[in-house]
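Asker:
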Amino acid sequence: MEISSKENTHFFSNNTILPVDRSSFKSESSASKEKQSCCGGIKIFLGALSFVYFAKALSGSYLKSTITQIERRFDIPSSLVGVIDGSFEIGNLLIIILVSYFGAKLHRPRIIGAGCLIMSAGTFLIAMPQFFMGRYRYERFPSTINSTVSLSPCLQDKSQTSLSALEKSQAKINAGCEKEAGSSMWIYVLLGNLLRGIGETPIQPLGIAYIDDYAVEENAALYIGCVQTVAIIGPIFGFLLGSLCAKLYVDIGFVDLESVALSPKDAQWVGAWWLGYLIAGVISVLAGIPFWFLPRHLPKPEGRKDSSSSSEHSKFITEESKDQGTSSRQQAKLAEMAKGKSLEFSSWLINFLPSLKNLFGNPVYILYLCASIIQFNSLIGMVTYKPKYIEQQYGQTSSKTNFVIGLINIPAVAFGIFSGGLIMKRFGVGVLGAAKLSLGSSFFGYLLLLSLFAMGCENSEVAGLTVPYHRAEPMSDHEQALFSECNSGCSCSRNDWDPICGEDGVTYVSACLAGCRASSGSGRDTVFFNCSCVGTLESSQSSSAVVGPCQKGKECPRMFLYFLVISVITSYTLSVGGTPGYILLLRCIKPHLKSFALGIYTLAIRVLAGIPAPVYFGVAIDTTCLQWGSKRCGGRGACRLYDSSALRYVYLGLTLVLGTVSIFFSVAVLWVLRKRSSPQDETLSANGERGTCGTKSRKDNFVNSDQLIQSTYWPEKETRL
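In the working numbering, the protein residues as written are 1147 to 1867.
#1: What residue range is occupied by the uninterrupted beta strand (DSSP E) comprising Ala-1664?
#2: Judging by CA-CA distance, which residue of Pro-1441, Lys-1411, Leu-1424 and Asn-1339 is the nearest neighbour of His-1253?
#3: Is DSSP giving Val-1899 helix, strand or coil here?
#4: For the alpha helix (DSSP H) containing Val-1673, list its first residue and its last residue.
#5: In the DSSP output, which residue or residues are listed as bridge partners for Gln-1773?
#6: What residues match up with Tyr-1395 in a beta bridge as DSSP calls it?
#7: So, at 8 Å on beta carbons, what are the nonlocal neighbours of Ala-1657 in its own chain, with the 5 sequence-adjacent residues on each side left out?
#8: Quick check on the burial criterion: 16 or more other C-beta atoms within 10 angstroms. Buried or exposed for His-1738?
#9: From Val-1396 to Arg-1219, what does the alpha carbon distance come to, in whole angstroms?
#10: Would you check if there are 3 or more beta carbon pairs closer than 8 Å linking the region 1546-1561 to the region 1782-1791?
#11: Which partner residues does Cys-1647 have in the DSSP bridge list?
#12: For Asp-1642 versus Gly-1681, is the C-beta distance shorter than 7 Å?
#13: Buried or exposed: Gly-1268, going by 16 or more other Cβ atoms within 10 Å of its Cβ?
#14: Compute the Euclidean distance between the alpha carbons of Ser-1717 and Cys-1632, then round it to the nearest angstrom.
#15: Three-state secondary structure (DSSP) at Ala-1260?
#16: Per DSSP, what are the beta-bridge partners of Arg-1782 in this structure?
#17: Counting pairs of Cβ atoms below 8 Å between the region 1555-1563 and the region 1807-1818, do you hit three or more?
#18: Per the DSSP calculation, Ala-1609 is bridged to which residue(s)?
#19: Of the residues Phe-1589, Ile-1379, Arg-1572 and Glu-1537, which one's Cα is nearest the Cα of Phe-1200?
#20: Which same chain residues end up closer than 6 Å to Gly-1384 when comparing Cβ atoms and leaving out the 5 residues on each side of it in sequence?
#21: Between the alpha carbons of Gly-1345 and Lys-1251, how many angstroms are there, rounded?
#22: Report the CB separation of Lys-1628 from Leu-1659 in whole angstroms; it is logged as a contact under 8 Å.
#23: Starting from Trp-1332, trace the alpha helix (DSSP H) both ways and give me its first and last residue.
#24: So what's Val-1575 in DSSP terms, helix, strand or just coil?
#25: Could you say if the region 1347-1354 and the region 1192-1199 meet the contact criterion of at least three C-beta pairs nearer than 8 Å?
#26: Along the chain, where does the alpha helix (DSSP H) that runs through Ala-1517 open and close?
#27: Where does Val-1761 fall in DSSP's three states?
#28: Which residues does DSSP list as the beta-bridge partners of Val-1401?
#29: Report the residue from Gln-1215, Gly-1434, Thr-1725 and Phe-1191 whose alpha carbon sits nearest the alpha carbon of Gly-1261.
#30: Please name the residue in Gly-1193, Glu-1404 and Ala-1755 whose C-alpha comes closest to that of Ser-1518.
#31: Can you tell me where the alpha helix (DSSP H) holding Thr-1547 begins and where it ends?
#32: Hey, could you find the ends of the alpha helix (DSSP H) Arg-1704 is sitting in?
#33: Applying the criterion that 16 or more other CB atoms from any shown protein chain within 10 Å of the CB defines a buried residue, is Leu-1598 buried or exposed?
#34: Could you tell me whether the Cβ atoms of Val-1765 and Ser-1225 are closer together than 7 Å?
Below, the structure written as structure tokens:
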């Protein structure tokens, strides 16, 4: 208001002195054109940045949706998949400091464009192994693949199969083994995700800073809010794309789909996981194109030209519109700038340790940081393996799992974040109120999560693993329990996983272990006969079986429905506390330390939660495996069957333990705030006049409008389900 009133006074005084001055009209006209070009330029940048946010959120969520597909395709355990998932954070951390410090000195739109190209290159690299690994090989009895060779599943007499057929089969396996022995193609997926992390780094800090520098001050918050809103839409499309690709067979377009003996419900089914990465890569390329044509600078808005607070960019770069002068003057200017930079760096280095000491001397900040690190460990681990949990616990396909997460869970998270901000604004919640709201959200969210222990399914009935043959007494050793009197005359391998469903409703690990001596048909229509292990001991006649595992128990669909309802409510409840917690973090820090504090906060979340959580969650989940697959060259592959009860206790238990520990830290935050605040502060805070973080006034601790909008973005928000 002060600036505008001064400008009006100056304008009227000019008109009084020079009533008919054409230059004033020219300047007014040029100012109007400049304002229009400024608004047009910033809106184009806003649209381009929103599309980039959509692209990066889509590719990030699509990776989460393909976790189980990658695990099966590359025959790797969950712990290794966790390392691949955490490589994104590693790539981000490699250059975050360089981008944040030096990015402001260079052409920011083009750096964002280059980041999009790197991100797309990483996305394409993830899909590349599909084109070099050859066709997907799954474990199937030969008669289900090729009907021209009729083999008995139970090889009582190996002479019934011609040696030439066996030798050819073995030679094929050996050739494939030699080809794959020196290659670990999952490394390309890891490197691709690492590149994605590197490419994504400049988008947020440089993009948001560019908007803040050149947008009209009252519009900056709205623009940033638009960008963050679009970022929420990305994961919805990412999981829906994952659902679509999971329906398609991995080698679609390369093999005859009629010859595929797998169905999407099979534990060996792999969808067209690579197709989504190609689509996401193309979207990333398209998103980066506009930034190569955007200017390095935009005209300053009228209200900011005379502002004393210079932008971050203007601190490092001199305006291009200034005259270049002679080469000697340029050299002198560069030398002076270099000297200024060295002095600035020295000053920064001198102030770094005192600032760090000041920051870590703030008990509220330290306690909230600890609470956030532990809570994000809980949330990141839970979200990363949520598709796997739904598939294994409730017997759902990957396609349906991704569809449910994308269409139900993510909108609940977005609505929860919005509700948290709305409650803060509607009721004038202060710092103490924000701490209470954040604590309450976590407490009730994890309390709801506790109820999911009662909403699990029983183990699938798999002979020799979860139930005994012929309902006899089970054996303690699972490996030895796979063999019984009914299949003792068969030459079977305990490492094969080629499940069939007997007419007694029990799944058998393979037709050989089911004692089947005859088969008819091919592919998915194969039927096995004379299966000595199928049925009960009382039955005098052998039974038949069909390809594929049996369905889970009758109660499982109902339990899955209950799980979805509680999961959506839990997602909403936990998300409500995101914005209040972020506001609490900002308002309890000295104004000049806010940027530094947020940097330390983000760094800690990425290093101590984003990287390790998927790894140790994966290791814990691997301990619940009942039957491991075997690689062609020997060695353990991906898990084929999990113990449902053990998986439920490990997955939910680890999430709840971490969540409970974070709640204790949140209680400590609330206790410190209560101790440091007076009743008068609380009353004033409720009325919106003053915050309650120490003895600081609301003026010092209040967050401006653009920070409030940015607060709705917390690390990896798109995937917090």
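Glycine included, each C-beta is placed from N, C-alpha and C at the ideal position.
Note that this is a predicted model, so its numbers are computed, not measured.
Answerer: With the given structure in hand:
#1: Walking along the sequence shown from the start, residue 1664 turns up at place 518. From DSSP, the beta strand (DSSP E) with Ala-1664 extends over 1664-1666.
#2: Stepping through the sequence shown from its first residue, residue 1253 is reached at position 107. Taking only the C-alpha atoms, the option nearest His-1253 is Pro-1441.
#3: No answer is possible for residue 1899: it lies beyond the span of the chain, which begins at 1147 and ends at 1867.
#4: Counting from one through the sequence shown, the residue named residue 1673 turns up at place 527. Unbroken run through Val-1673 is the beta strand (DSSP E), 1673-1677; no alpha helix (DSSP H).
#5: One-based indexing of the sequence shown puts residue 1773 at position 627. Per DSSP, Leu-1787.
#6: One-based indexing of the sequence shown puts residue 1395 at position 249. DSSP output for Tyr-1395 lists Gly-1417 as bridge partner(s).
#7: Taking the first residue of the sequence shown as 1, we reach residue 1657 at position 511. If we look at Ala-1657 and ignore the five residues flanking it on each side, its Cβ neighbours are Phe-1287, Pro-1299, Cys-1300, Asp-1644, Ile-1646, Ser-1665, Phe-1674, Cys-1677 and Ala-1691.
#8: As a first step, residue 1738 is located in the sequence shown; it is residue number 592 there, counting from the start. By the neighbour-count rule (16 or more Cβ atoms within 10 Å), His-1738 is not buried but exposed.
#9: By one-based count along the sequence shown, residue 1396 stands at place 250. By one-based count along the sequence shown, residue 1219 stands at place 73. Their backbone Cα atoms lie some 9 Å apart in a straight line.
#10: no
#11: Here residue 1647 refers to the residue found at position 501 when the sequence shown is read from its first residue. Bridge partners of Cys-1647: Thr-1653 and Val-1692.
#12: The residue labelled residue 1642 in the question sits at position 496 within the sequence shown. The residue labelled residue 1681 in the question sits at position 535 within the sequence shown. Taking 7 Å as the Cβ cut-off, Asp-1642 and Gly-1681 do not qualify as a contacting pair.
#13: Taking the first residue of the sequence shown as position 1, residue 1268 is located at position 122. With 16 or more Cβ atoms within 10 Å of its Cβ, Gly-1268 is classed as buried.
#14: On the sequence shown, residue 1717 is found 571 positions in, with the first residue counted as 1. On the sequence shown, residue 1632 is found 486 positions in, with the first residue counted as 1. Answer to the nearest angstrom: the Cα atoms are 49 Å apart.
#15: Taking the sequence shown and counting its residues from 1, one reaches residue 1260 at position 114. Note: Ala-1260 maps to helix in three-state DSSP.
#16: The residue you call residue 1782 lines up with position 636 of the sequence shown. In the DSSP output, where bridge partners are listed per residue, Arg-1782 has Ser-1776.
#17: no
#18: The count along the sequence shown starts at 1 and reaches residue 1609 at position 463. According to DSSP, which records beta bridges pairwise, Ala-1609 is partnered with Val-1613.
#19: Start at 1 with the first residue of the sequence shown, and residue 1200 comes out as number 54. It is Ile-1379.
#20: On the sequence shown, residue 1384 is found 238 positions in, with the first residue counted as 1. Correct list, in chain order: Leu-1204, Ser-1207 and Tyr-1208.
#21: On the sequence shown, residue 1345 is found 199 positions in, with the first residue counted as 1. On the sequence shown, residue 1251 is found 105 positions in, with the first residue counted as 1. When rounded, the distance between both Cα atoms is 18 Å.
#22: The residue labelled residue 1628 in the question sits at position 482 within the sequence shown. The residue labelled residue 1659 in the question sits at position 513 within the sequence shown. The amino acid at residue 1628 is misidentified as Lys; the sequence shows Leu. Confirmed, about 6 Å.
#23: The residue given as residue 1332 occupies position 186 in the sequence shown. Residues 1332-1346.
#24: To locate residue 1575, count along the sequence shown from 1; it is residue 429. Coil, per DSSP.
#25: yes
#26: Residue 1517 sits at position 371 when you count from the first residue of the sequence shown. Element bounds for Ala-1517: 1509-1530.
#27: Locating residue 1761 in the sequence shown gives position 615, where the first residue counts as 1. Val-1761: helix per DSSP, three-state reduction.
#28: As a first step, residue 1401 is located in the sequence shown; it is residue number 255 there, counting from the start. In DSSP, Val-1401 forms a bridge with Ile-1398.
#29: Taking the sequence shown and counting its residues from 1, the one referred to as residue 1261 is at position 115. Minimum Cα distance to Gly-1261 is reached at Gly-1434.
#30: Position 372 of the sequence shown, counted from the first residue, corresponds to residue 1518. It is Ala-1755.
#31: The count along the sequence shown starts at 1 and reaches residue 1547 at position 401. Where Thr-1547 is concerned, the enclosing alpha helix (DSSP H) stretches over 1544-1550.
#32: Within the sequence shown, the letter at position 558 stands for residue 1704. Run containing Arg-1704: 1702-1722, per the alpha helix (DSSP H) assignment.
#33: On the sequence shown, residue 1598 is found 452 positions in, with the first residue counted as 1. Looking at its Cβ environment, which holds 16 or more other Cβ atoms inside 10 Å, Leu-1598 is buried.
#34: In the sequence shown, residue 1765 corresponds to position 619, counting from 1. In the sequence shown, residue 1225 corresponds to position 79, counting from 1. In contact: Val-1765 and Ser-1225 (Cβ atoms closer than 7 Å).
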